[in-house]
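Going from the sequence shown to our numbering is simple: count from 1 and add 93.
Glycine included, every Cβ here is placed at the ideal spot set by N, Cα and C.
Okay, so here's the structure we're looking at.
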Amino acid sequence: MNITLIGMAGAGKSTIGKALAKRLNYTFIDVDSLITQKIGMPLQALIDKQGDSALIRFEEEAILGLEQVDNCIISPGGSVIYSEKSMKHLREISKIVFLDAPFRSIVKRIPNARKRGIVGLRDRSLKELFEERLVLYNRYADFSIKIRGGENVQRLVDRVVSLCFKTES
């Protein structure tokens, strides 16, 4: 089984994902890293040169390339929910957990949002993106975890494990 963590930039997908992978002895897959390795530039540079749609396209390609994966924690970018193909594929190969962090936490964790490679920030504020994406994250998630400020990473990992493995013996 695989687990995919979705949520806004700054929600803790990488931090929680790495700790979860360590706990379960799974492989951690950071989709943003796969993309930057392939294109040879930061995500923001790709957005600046080719636009938001280019990042969404590269992300979709990277996710659809995850075929023979097992026992992995997958951490896609926050914009993954803009690709139905990506989300359909992730649902087929994994359980999807939405890390639902409050907006104030997101703002604290990514003070330099305009340099972070976030799809949609050219046209909208971070708050508008947050509200738009909240609906999509909830639509695609198998499970949702409300993240409270200052919560211990290991406790969050425990919550993900509990949700994902509760129906298995």
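* Cα-Cα separation between residue 141 and residue 163, rounded to whole angstroms -> Locating residue 141 in the sequence shown gives position 48, where the first residue counts as 1. Locating residue 163 in the sequence shown gives position 70, where the first residue counts as 1. If I take the Cα positions, the gap works out to 34 Å.
* Asked: Could you give the C-beta distance for residue 199 and residue 104, rounded to a whole number, given that I count them as a contact under 8 Å?
  -> Translated into the one-based positions of the sequence shown, residue 199 becomes position 106. Translated into the one-based positions of the sequence shown, residue 104 becomes position 11. 7 Å between Cβ atoms; contact.
* Which first and last residues belong to the beta strand (DSSP E) in which residue 168 is found? -> Within the sequence shown, residue 168 is the residue found at index 75, counting from 1. Taken as a continuous stretch (DSSP letters only), the beta strand (DSSP E) holding residue 168 covers 165-168.
* Do residue 167 and residue 120 come within 7 Å of each other at the CB atom, strictly closer than that value? -> As a working note, residue 120 is residue 27 in the sequence shown. As a working note, residue 167 is residue 74 in the sequence shown. The answer is no: Cβ separation not under 7 Å.
* To do: Identify, in the order they occur along the chain, each residue of the same chain with its Cβ nearer than 7 Å to the Cβ of residue 186, setting aside the five sequence neighbours on each side.
  => For the purposes of this step, residue 186 is taken as the residue at position 93 of the sequence shown. Correct list, in chain order: 95, 159 and 162.
* To do: Could you work out which residue in 126, 116 and 242 is closest to residue 193 when comparing CA atoms only?
  => Walking along the sequence shown from the start, residue 193 turns up at place 100. If we check each option's Cα against that of residue 193, 242 comes out closest.
* With 16 other CB atoms within 10 Å as the buried threshold, where does residue 133 fall? -> Position 40 of the sequence shown, counted from the first residue, corresponds to residue 133. Around the CB of residue 133, fewer than 16 other CB atoms lie within 10 Å, so the residue is classed as exposed.
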